[in-house]
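J.: Mind looking over this structure? Questions follow.
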Amino acid sequence: MSFNSVIGQKEAVEILQDEIKDDRISHAYLFSAKEGSGKSKLAFEFAKASFCEEAEADSCGSCINCRKMDHQNHPDFKVISVLEGKSAISIDQIRELKKEIAYKPYDSDHKIYVMETAEKMTKEAANSLLKTLEEPPSFATIILLVEDSGKLLPTIVSRCQQIKLRNVSKEKIKELLLAEGLEVERAEIVSSTAAGSPGKALEIIKIDDYFEQRQQIYDFLKDINSKNTIEIFQITEKLSSLLKADFPCFNLLSDWYRDIMMIKQDYLDAVTNKDYFEELKELAAELSLQNIIRNLELIAQSEEYIERNIREELSLEVLFFKLRQPDQE
Ligand SMILES: [Zn+2]
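Residue 740 is where the sequence shown starts when you use our numbering, and the numbers rise one by one after that.
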């Protein structure tokens, strides 16, 4: 793998390649892009290219540095992320980083540290990191990966060279999915659902029975107004078990109503679930814009409740009863 394997980020790749070529790699970068856009991949390929002894501003895949990177045992490369079972990057992790980063590189003339979800640093951790960013060791580079740079301390952001990744085009994602062996119609659906994120697209196609489950959920939603209480209990039970298997239920629910909103406002190109276009169009005629927005809010709220450990089934039941009767409160 080399920079070629980074999908749809030509501009960012070119900037980074130039910096390797000109030997002016920064001490701190901030890669921002939404989840699944390939930030980690870009950071990895950048580090690998910078260590490679053979290829110019890319990686050969066979020199000792490339092989160590591929085997995840390059001593001059490290990834820091939220530890399992924790919700934030702690000050202890930053202390550890500061201690380690001060040692000279082993196999190369520089070292690269990547921090995933940098917005999840605690305040203390962020303040501590700031000191390192102000006076980094001459041989060290820190790459912060974030979804939204607005969630970082401005003083951290200003210390970093910012690289914004693009949303990858639907066509590029579709190509990727076709290359993975997906059939055209399904590649079409997933490339829309992935909304610019190749990582998300690849995750979706790994889910067992994704298309069957999606169909059952959407077949329910299109007729939700005629569903009885037992049917609502059945769908909530189903969704509840799907959620336990990390199935993207809430994405599907919100895409459904978002599509209805797009049709209502005549942004037909923005519709994700084109295979349900006729049904969505009918619903767009039935529902008021206010109803649709309310439904989207209900979905977001239900997702938040579940994240906060409020009982899944209860929360989903309430949601579906409310979605069934958009005009009655
Ligand atoms: Zn190499």
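From the three backbone atoms N, C-alpha and C, an ideal C-beta is built for every residue, glycine too.
On a predicted model such as this, the values are computed, not experimentally measured, just so you know.
Can you pull every residue whose C-beta falls closer than 7 Å to some heavy atom of ligand 1, listed in chain order?
T.: C791, E792, E793, A794, S798, C799, G800, S801, C802, N804 and C805
J.: In its own chain, which residues sit with a C-beta less than 6 Å from the C-beta of L960, not counting the 5 before and 5 after it?
T.: For L960, the CB contacts under 6 Å within the same chain, skipping 5 residues up- and downstream, are W995 in chain order.
J.: Kindly indicate which residue of T894, E922 and S930 has the alpha-carbon position closest to the one of E910.
T.: Residue S930 is the option with its Cα nearest to E910.
J.: Could you check the C-alpha separation between G938 and G777 for me, to the nearest Å?
T.: The straight-line gap from Cα to Cα measures roughly 7 Å.
J.: Expressed to the nearest angstrom, what Euclidean distance is found between the alpha-carbon atoms of I833 and Y842?
T.: 15 Å
J.: Measuring only the C-alpha atoms, how far is T873 from S867?
T.: Sequence check: residue 873 is Glu here, not Thr. Approximately 10 Å between the Cα atoms of the pair.
J.: DSSP on S826, reduced to helix/strand/coil?
T.: coil
J.: Counting only the same chain and skipping the five closest in sequence on each side, list residues whose C-beta sits under 7 Å from that of I999.
T.: L1019, L1022, A1023, L1026 and I1031
J.: Would you tell me roughly how many angstroms separate the C-alpha atoms of A782 and A940, rounded to the nearest one?
T.: 20 Å
J.: Based on the DSSP secondary-structure assignment, which residues constitute the bridge partners of I902?
T.: According to DSSP, I902 bridges with F770.
J.: Do S798 and E784 have their C-beta atoms within less than 8 Å of each other?
T.: yes
J.: Using the three-state DSSP reduction, which class does K817 fall into: helix, strand or coil?
T.: The three-state secondary structure of K817, taken from DSSP, is strand.
J.: From D985 to K760, what does the alpha carbon distance come to, in whole angstroms?
T.: 42 Å
J.: Which stretch, first to last residue, makes up the beta strand (DSSP E) that contains M854?
T.: Boundaries of the beta strand (DSSP E) around M854: K850 to M854.
J.: Taking one C-beta from the segment 787–802 and one from the segment 819–833 each time, how about it: are there three or more such pairs within less than 8 Å?
T.: With fewer than three CB-CB distances shorter than 8 Å, the segment 787–802 does not count as touching the segment 819–833.
J.: What is the DSSP secondary structure of V885, reduced to helix, strand or coil?
T.: strand
J.: For a quick check, are the C-beta atoms of A918 and L891 less than 8 Å apart?
T.: no
J.: As an exercise, report each continuous alpha helix (DSSP H) stretch of at least 4 residues that is fully enclosed by the segment 954–1018, in chain order.
T.: 968–983 and 988–1003
J.: Tell me, which residues are paired with A879 by DSSP?
T.: K850
J.: Taking 8 Å as the cut-off, decide whether the C-beta atoms of I944 and L921 are in contact.
T.: yes
J.: Is V907 near L884, with beta carbons less than 8 Å apart?
T.: no
J.: Over the uninterrupted alpha helix (DSSP H) stretch that includes K945, give me the two end residues.
T.: P937 to K945
J.: Which partner residues of M808 appear in the DSSP bridge assignment?
T.: The partner list for M808 (beta bridge, DSSP) is empty, contrary to what the question assumes.
J.: What distance in whole Å lies between the Cβ atoms of I851 and L869, which are believed to be in contact at a cut-off of 8 Å?
T.: Rounded, the Cβ-Cβ distance is 19 Å, inconsistent with contact.
J.: Grouping DSSP H, G and I as helix and E and B as strand, with all else coil, what is Q1067?
T.: Unreliable positioning characterises Q1067 in this predicted model, as indicated by a pLDDT of 49, which lies under 50. The coordinate reading is nonetheless provided below. Q1067 falls in the coil class under three-state DSSP.
J.: Report the CB separation of I912 from A933 in whole angstroms; it is logged as a contact under 8 Å.
T.: 5 Å
J.: Using a Cβ-Cβ cut-off of 6 Å (strictly less than) and excluding sequence neighbours within five positions of I1049, which residues of its own chain qualify?
T.: Nothing listed; no residue qualifies.
J.: Tell me the residue span of the alpha helix (DSSP H) that contains Y1044.
T.: L1028 to E1046
J.: Comparing C-alpha positions only, which one of Q954, K780 and H766 sits nearest to A751?
T.: K780
J.: Whole angstroms are fine: how far does the CA of V821 sit from the CA of Q955?
T.: Linking Q955 to V821 through their CA atoms gives a straight-line distance of about 35 Å.
J.: Quick one: Cα of Y768 to Cα of T968, how far?
T.: 53 Å
J.: Kindly indicate which residue of Q1029, P844, G775 and E1052 has the alpha-carbon position closest to the one of S877.
T.: The shortest C-alpha to C-alpha distance from S877 to any of Q1029, P844, G775 and E1052 is the one to P844.
J.: List the endpoints of the continuous alpha helix (DSSP H) containing F783.
T.: K778 to F790
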